[in-house]
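As structure tokens, the structure follows; a few thoughts come after it.
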Amino acid sequence: MSSPILQMKDIEKHFGPVIALAGVSVDVHQGECHCLLGDNGAGKSTFIKTMSGVHKATKGEILFEGKPMNFQRPRDAISAGIATVYQDLAMIPLMSVSRNFFMGNEPIRNIGPLKFFDHKRANEITMSEMSKMGINLRGPDQAVGTLSGGERQTVAIARAVYFGAKVLILDEPTSALGVRQTSNVLATINMVRKLGVAVVFITHNVRHAMAVGDRFTVLNRGKTFGTASRGDVSPEELQDMMAGGQELATLEGSLGGTV
Amino acid sequence: MSSPILQMKDIEKHFGPVIALAGVSVDVHQGECHCLLGDNGAGKSTFIKTMSGVHKATKGEILFEGKPMNFQRPRDAISAGIATVYQDLAMIPLMSVSRNFFMGNEPIRNIGPLKFFDHKRANEITMSEMSKMGINLRGPDQAVGTLSGGERQTVAIARAVYFGAKVLILDEPTSALGVRQTSNVLATINMVRKLGVAVVFITHNVRHAMAVGDRFTVLNRGKTFGTASRGDVSPEELQDMMAGGQELATLEGSLGGTV
Amino acid sequence: EGEKYILVSHAPDSDSWWNTIKNGIALAGEQMDVTVEYRNPPTGDLADMARIIEQAAASNPNGIITTLADYDVLSGPIRSAVDQGINVIIMNSGTAEQTREVGALMFVGQPEYDAGYAAGLRAKSDGVKSFVCVNHVISNTVVAERCRGFADGLGVPLGSSMIDSGQDPAEIKNRVLAYLAANPDTDAVLTLGPTSADPTILALQENGMAGDIYFGTFDLGDEIVKGIKSGIIKWGIDQQPFLQAYLPVVILTNYDRYGVLPGNNINSGPGFVTADGLELVEKFAGEYR
Amino acid sequence: MVTSNPSPAPVADERIKERSSLRKALVRPELGGMCGTVLVFTFFLLTAFDSGMFTSQGVLNWTLVSAQFAIIAVGACLLMISGEFDLSMGSMIGFAGMMIAIFGVTLGWPIWFAIIVTFILCIGIGALNGYIVIKTGLPSFIVTLALLFILRGFTIFLPQTLERKTIIGGIRDVAEGDWLASLFGGKVLTGVFQWLGDAGVISTFERGVKAGQPVVDGVPMLVVWAIGLIIFGHILLTKTRFGNWIFAAGGDAQAARYVGVPVSRVKILMFMFTAFCATVFATCQVMEFGSAGADRGVLKEFEAIISVVIGGALLTGGYGSVLGAALGALIFGVVQQGLFFAGVESSLFRVFLGIILLLAVVLNTYIRRMITGER
Amino acid sequence: MVTSNPSPAPVADERIKERSSLRKALVRPELGGMCGTVLVFTFFLLTAFDSGMFTSQGVLNWTLVSAQFAIIAVGACLLMISGEFDLSMGSMIGFAGMMIAIFGVTLGWPIWFAIIVTFILCIGIGALNGYIVIKTGLPSFIVTLALLFILRGFTIFLPQTLERKTIIGGIRDVAEGDWLASLFGGKVLTGVFQWLGDAGVISTFERGVKAGQPVVDGVPMLVVWAIGLIIFGHILLTKTRFGNWIFAAGGDAQAARYVGVPVSRVKILMFMFTAFCATVFATCQVMEFGSAGADRGVLKEFEAIISVVIGGALLTGGYGSVLGAALGALIFGVVQQGLFFAGVESSLFRVFLGIILLLAVVLNTYIRRMITGER
Ligand SMILES: Nc1ncnc2c1ncn2[C@@H]1O[C@H](COP(=O)(O)OP(=O)(O)OP(=O)(O)O)[C@@H](O)[C@H]1O
Ligand SMILES: Nc1ncnc2c1ncn2[C@@H]1O[C@H](COP(=O)(O)OP(=O)(O)OP(=O)(O)O)[C@@H](O)[C@H]1O
Ligand SMILES: [Mg+2]
Ligand SMILES: [Mg+2]
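Chains as they are written, first to last, in my numbering: chain A, 117 to 375; chain B, 117 to 375; chain C, 7 to 295; chain D, 13 to 387; chain E, 13 to 387.
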């Protein structure tokens, strides 16, 4: 296996008195889909936010392509080639879909020496990328605040995928998606992985994880249970670990197996 | 079967030029879990918001316990006995967990003729209700804005369940939950249903729907495909309908069956 | 010899007329070798001014010089300063009677209403029958007295002759223009200080009424003096603010040091500045005049 | 389901660092205000100690100014937490005072009646403010701004029409001995102060006609009102159900409506309470000074907002504290009067005011962050 | 993946009602402002038609006032959309004018140099404003409020110390013939107006020294600047990448940072642009009136914000339009001047101003909702 593109070593993150991460190490390789699993509040979102420059780790080291990296802000991570879909989506409700789609990466049209925002192109790309994901938007100038939850999530995913990257981080991308959209996202993950992009995929759904994941890291209360490769671990084991080793409520047998 | 507690007849809802609902009829009975399924943007959230008094239907009639009802605002629906967990959660990030939990329903302690907010009791109840759902909060005075996505969703569900009702509406309650929390929520739905409460449950997960649902209504682009009872429909048929009849992306067989 | 005197005015910050007062006390302080301080309520609120007088009294100076802009509001704090044994001189606005009532030593200045009244009488004798008063601080109760006095002197109702011009020069200019356009038979313009006079001069130049319409103003300033010189302004009422500030400091110092005190109140105005004898006025306008 | 026995308190969490209880006690919204207060007092103790600022008379002076700010800050604070602004507060002060004067002096009504009618009128205007904001969905900024103009206009127009001047005086005379007026204009604890003066704790006048009497002879009702309103506001906000609704309405009106909080009612009531505070301010002022003028209260809405913001509240609503606002009022009052005591050159007064306010706010924000460990 | 051929436009959606293209064209943030404008003009056409308000001179009159508002409204609008406030605008106007006067008159520098130095200084102060807001994380309200006090203080202090007066005049004399000064103080198209006057389209003076000259003899540079800034602001906001960043920074700074928008830079630049607008305002004013006074610009920040809010922008940021703000400035200016033309009783001026502003905003909100079909 190639050397890892992103190494997170012994990351700790404290918020005031709260210890959200108590030393987590993870390697991410090119062309693999690395699933990050764990209970609610385990620290997954906090962990990927230190990857993408939103939080500064309280302790620990980040190596990107072998070199120590110190992301001061998301911009730095983005220009290094890390694209992220956050759990809280990073959408501006009052702005239109296409303005949101291209926020921070606006297409430019030159008129003489002047550079203008190319609205026409932005609109076209937005509509087509969204329909690739299985969402037929009514129009690119609808405000994001009036989209349904799943439509909004799809915009965020389509945006991250479109602008490509060396590392694509997806924090519960499928949580609000319909079946069709979900299968599109999973297919997309599968595709970009094959193109050599490293994908970090957070989910609570074991079946989704098993479908596209190459390696699985389980977090629990700010610590890691370690990383397992596909095939080394059964869905049931994984599910058990994700629940933090605690018992599941039983529901008259009808929910047997994986939730 | 008993007469329906809530009847929605031919509901239409337009937002300016957008037709979000084009005539949807659904009956909800006591003690049943009615699953509302459908693609992203099908109109599920809009539909339940007309049930809970957030939106006024552009057209159509709502009968509650047989009487025509005209909810002007959520307060009316709440006092009629309809509790709702919204997809966008209705939490105030700057307020503490226990203040959010009891928002609108604060427990009162009388000191002489004066009525005070009983913080002690509120805190205790919040902590215990949350731990019943499988979340160990660090403290009841943590601001909701600093909770993880799943923790936040759990607060909203625990709140709706605690304040009980004749009808409990849950809009994608499990989307951000871990396996343990999800199984708790499904178990809770199962339990309240048995207590005679009518549950309206929106989900994109066929397995969750099949686990607790008694009847299934599928929405598609603002219209309904009709209602089926448990046993009359297979998970595969349901999944097909939820995707709006469109093809699913195929993913090297590993995602065969239900997403 | 280290005496400290505090002057409290009722003017909002940056009212340019009071600048002369500041220069007056500064000069007197220098000449008499005493410490002088100037204080004012930033928004011109008289209730705030009362607090400042109380504050001045608490810092225990040798004397306080203050205006008596509203007897009701200010008499209490002034009287308690007097009771505390602080010498008080009333300046600028107030009456002899009120000065006695609050227990102040004397009065230096000229009541606003009287000044306006005198101006009104003068205008009436010049044949003025209607006027517009450009008030740049409409909510200031003291300055409005000038308009009221002028109207009474003329013997016409104040009514809608007073316009609320605001303080922005462009707005003042354009409101004067608008008023004159809507009321073309206005005989006279009265402005209440450089803030409203300067843009009014421009307005009259622009609509061609300069020199044609009867134009009087309170207080002096660079542009006003030029206006008087060029015949646009008939007269400026000079109540000699310099004296209102300078004299009390001198008087208080001498009273404290040697126990001497003039026997009478001093009327520093009204003096009408016209095109005659403008030289010194021109030199020191806005500074000591 | 509605009843449920609270389970035993959850076990200690290994994911929380130990914190001293002192530090825990410090982590509250008022902390910033407290640090600012300490800072400001230290500053003036060092620069203006012998100027008379800390004699009993000097203390009374800045206490009065701070109490004035506090009265309107309490109203502005609760309104701001509920997510709205009231720019018409200053005009309301002028208007209320003028109405009392017109009713009591021009129309000659008994003063208690004039005061009561004015309160009803002004609280009604506050309700109207709120009603318009709720019904039209317009930002309160623009609605109350219109009211600012309208009320100030009437405050100029009415006395001008009725009495031909913009000041109406003589209220003290008609208020003499009125039971309600004494609630706003009198002093309390005069006996205690006389005793303190005799005992030499408070300095007495040394010369003049009042020689021998204590310099400060009682606590003005203004201060009593300020303290009363602060306590009321604080309890309302933190200890009652309604307080929770105020936070909710300001934090996210939509979310609050979803769970059944009567947001419109809360907001309208807060507008009314703000009007009430403004009227209290005006009544105290009129009773103390005996006259009402068209210039009263100009820009006071700003000063109220400044106090509230210094006290740590969020302009966007949903966060803040009445005690913080009260401390903000104290800081603002002390800085303003302290600069006079320190004898700052009058044209530089504002420069210093601005710099000290900025420093106070910056420092208290940093200290709060340090202690609470935010970012 | 970065490149991808746009697929053909999606098929028509059955879930959208047909709308006439007129109606679609109407649905824009400026709509409110347009309705308000029509309303206000109708009102004054009916009430003040024969008062001279619509003669060429009258038109120039309210155009000038509106242009003034527009210049500062453009700056305030962009800043507000980017999520911040600048309360120091008014003080900045006073300060900038005073600096030009001090440099040009007191220090005797060539006036073009004085203007350039003043612009650099003021834009620097704007940057400082922004820097403090970003670095401390304090609300811009409190930071710029401190600057409001500080700048006003210097505007009083400096001329007082240097010249012992607070109005410095004589700028017109030193500016005579200066190339840069004429960019701010002159008039353009004078030839056209002379021709129009001769042709009788524009009336000529009938009495006074100017008899025979056309009443309006050119378009003042103030108006040119206003139009220029409006066009610049509008294009910047709607047609450029940077404009998207402004919306993003104000809509949700955190979300914008997540996707790599340089929020701090955007906000600081907007503070600088606001300072630039204030300085343009001040320079035009100084050149027109020939003097700088310590009281210039008082409360102008308020008037700028009023215009922006009338124009439909959200106080909380993230939504608004420069054209709307410009229409807001027009409405505000026309109402103000129109009331004078209509000869409203002056003490009632503020009452009418308030009522008409409120009506204009309420009505335009309703019309916008009706047409766009919100709620
Ligand atoms: N800004 C903050 N201040 C204090 N505590 C925080 C903050 N952000 C997160 N936390 C805490 O850190 C823990 C980890 O949160 P995080 O969002 O990383 O969880 P997660 O694994 O993503 O959970 P979920 O699956 O529910 O999204 C949570 O318990 C949360 O309460
Ligand atoms: N306020 C609004 N204005 C305009 N369009 C709206 C508004 N609210 C919802 N819509 C549109 O109505 C449609 C239905 O939205 P809704 O939120 O009900 O979908 P949903 O079925 O809940 O989808 P999801 O599963 O993604 O949550 C969407 O296409 C959405 O864009
Ligand atoms: Mg998370
Ligand atoms: Mg939904």
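Ideal Cβ positions, reconstructed from N, Cα and C, are used throughout, including at glycine. The structure displayed is predicted, hence computed values, not measured ones.
Distance, residue j Cα to residue i Cα
i              : j              : result
M358 (chain A) : R296 (chain A) : 25 Å
L241 (chain D) : F288 (chain D) : 11 Å
S103 (chain E) : M167 (chain A) : 45 Å
S195 (chain B) : G342 (chain A) : 49 Å
D356 (chain A) : A158 (chain B) : 34 Å
L43 (chain D)  : L335 (chain D) : 10 Å
L370 (chain E) : A158 (chain D) : 6 Å
T26 (chain C)  : V52 (chain D)  : 33 Å
I343 (chain D) : V155 (chain E) : 16 Å
L183 (chain C) : F364 (chain E) : 20 Å
A11 (chain E)  : I114 (chain E) : Look at the range of chain E in this structure, 13 to 387, and you will see that residue 11 (chain E) is not part of it.
V292 (chain D) : E107 (chain C) : 30 Å
G88 (chain D)  : L140 (chain D) : Before going on, a small fix: residue 88 (chain D) reads as Ala here, not Gly. Taking the straight line joining both Cα atoms gives about 17 Å.
Closest Cα partner of residue i within the set the options
i              : options                        : result
M207 (chain A) : A:R191, A:S291, A:A272         : A:A272
V186 (chain D) : D:L370, D:Y378, D:T118, D:S100 : D:T118
I317 (chain E) : E:R308, E:L339, E:C296         : E:L339
T67 (chain D)  : D:G345, D:E300, D:I214, D:M46  : D:I214
S204 (chain B) : A:N186, A:E352, A:L263, A:V308 : According to the sequence displayed, residue 204 (chain B) carries Asp and not Ser. When each option's Cα is compared against that of D204 (chain B), the closest is A:L263.
L150 (chain D) : E:V374, E:I379, E:R381         : E:V374
I58 (chain C)  : C:L13, C:L249, C:L183, C:S99   : C:L13
A199 (chain B) : B:H320, B:A281, B:A314         : B:A281
A34 (chain C)  : C:N270, C:Q250, C:E285, C:C139 : C:Q250
Q297 (chain D) : C:P67, C:G30, C:G82            : C:G82
Bridge-paired residues (DSSP) for residue i
i              : result
D287 (chain A) : A:I318
H150 (chain A) : A:V316, A:R331
L179 (chain B) : B:Q123, B:P184
Y44 (chain C)  : C:L13
G305 (chain E) : E:I179
Residue range of the unbroken beta strand (DSSP E) whose run includes residue i
i              : result
N336 (chain B) : 331-336
H130 (chain B) : 122-131
S345 (chain A) : 339-345
K231 (chain B) : 230-233
S141 (chain A) : 134-144
Unbroken alpha helix (DSSP H) run spanning residue i, endpoints
i              : result
R225 (chain B) : Taken as a continuous stretch (DSSP letters only), R225 (chain B) belongs to no alpha helix (DSSP H), being part of the beta strand (DSSP E) at 224-227.
V204 (chain D) : 202-210
A203 (chain C) : 200-213
A193 (chain D) : 193-197
S195 (chain A) : 190-196
Enumerated in chain order, which unbroken segments of the alpha helix (DSSP H) with a length of 4 residues or greater are wholly contained in the segment 98-140 of chain C? At a cut-off of 4 residues, the continuous stretches assigned as alpha helix (DSSP H) that sit fully inside the segment 98-140 of chain C are 102-108, 118-131.
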